[in-house]
Amino acid sequence: RLLEEAEEEAAYQENEKVHVVGIADEDDGSGDKAPPFSWRKLWLFTGPGFLMSIAFLDPGNLEGDLQAGAIAGYSLLWLLMWATAMGLLIQLLSARLGVATGRHLAELCRDEYPKWARLLLWVMAELALIGSDIQEVIGSAIAIKILSQGVLPLWSGVLITAL
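Residue 95 in this note's numbering sits at position 40 of the sequence shown; the count goes up by one each step and never skips.
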C-alpha cells in the first residue's frame with residue numbers, strides 16, 4: 056500500500072530518472088566526498104538547454120534585429136531590454152517547473168487546463184511559430200526566384216522552402 060502511494064506521488068516514473076554513474080548514494084556512508092568534475096556528465100544535463108538558448112542567436116533572428124535596428128535606431132532599445140528580460144524569466148520559470156515536477160511545460164498545461172484553454176494555447180503557439188518563421192520562408196523564396204532567374208515563381212519558392 057505504501058509503495059502504491061509513493062508511486063502516485065512521484066513526479067515522474069522510475070525509468071525516466073537521470074542516473075549519473077559514479078555518484079554514491081547518501082545512505083551508504085561514502086557520500087561525504089564530492090565527485091570529480093566531468094564534462095561528459097555536465098553535457099548530459101546542459102545539452103538540450105544549450106540548444107534552446109541558441110534560439111535567440113539564430114541567423115534569421117539576428118538579421119531581423121539588425122534590420123529593425125537600422126530603421127528604428129535607439130528608439131526601441133527599451134523594448135529589446137524588456138523582451139530579453141521576459142524571455143529569460145519564462146525560461147527560468149519553465150526550467151524550475153521541469154526540475155520540480157519532472158515534466159515539461161506542455162505536459163503540465165495538458166494536465167492542468169480545460170480543453171478550450173489547451174486549444175487556445177496551441178493556437179497561440181502556432182501563430183507565434185508562423186510569425187517567427189515567415190521572414191525566413193519569404194526570404195528563401197525570394198532567393199530561389201533570383202537564383203533561378205525568374206523561372207520559378209515566388210509561390211513555388213515558398214513551397215520548396217516549406218518542404
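For glycine and all other residues, C-beta sits at the position ideal for the given N, C-alpha and C.
For the alpha helix (DSSP H) holding GLN204, just list the boundary residues, first then last.
-> It is not in any alpha helix (DSSP H) - GLN204 carries neither H nor E in the DSSP assignment.
Compute the Euclidean distance between the alpha carbons of MET179 and ILE185, then round it to the nearest angstrom.
-> 10 Å
Shortest alpha-carbon distance to THR216 belongs to which of GLN204, THR101, ILE189?
-> ILE189
Could you tell me which of VAL206, GLY205, GLY212 sits nearest to SER195, measuring between CA atoms?
-> GLY212
Given that a residue counts as buried once 16 or more other Cβ atoms are within 10 Å of its Cβ, and exposed if not, what is ALA61?
-> The pLDDT assigned to ALA61 is 48, lower than 50, so where the model puts this residue is not dependable, and the model offers no usable value.
Keeping to the same chain, check which residues put their C-beta closer than 7 Å to that of HIS159; ignore five residues upstream and five downstream.
-> GLY153
Of all the options LEU117, TYR168, GLY157, which has the alpha carbon lying nearest to the alpha carbon of SER187?
-> LEU117
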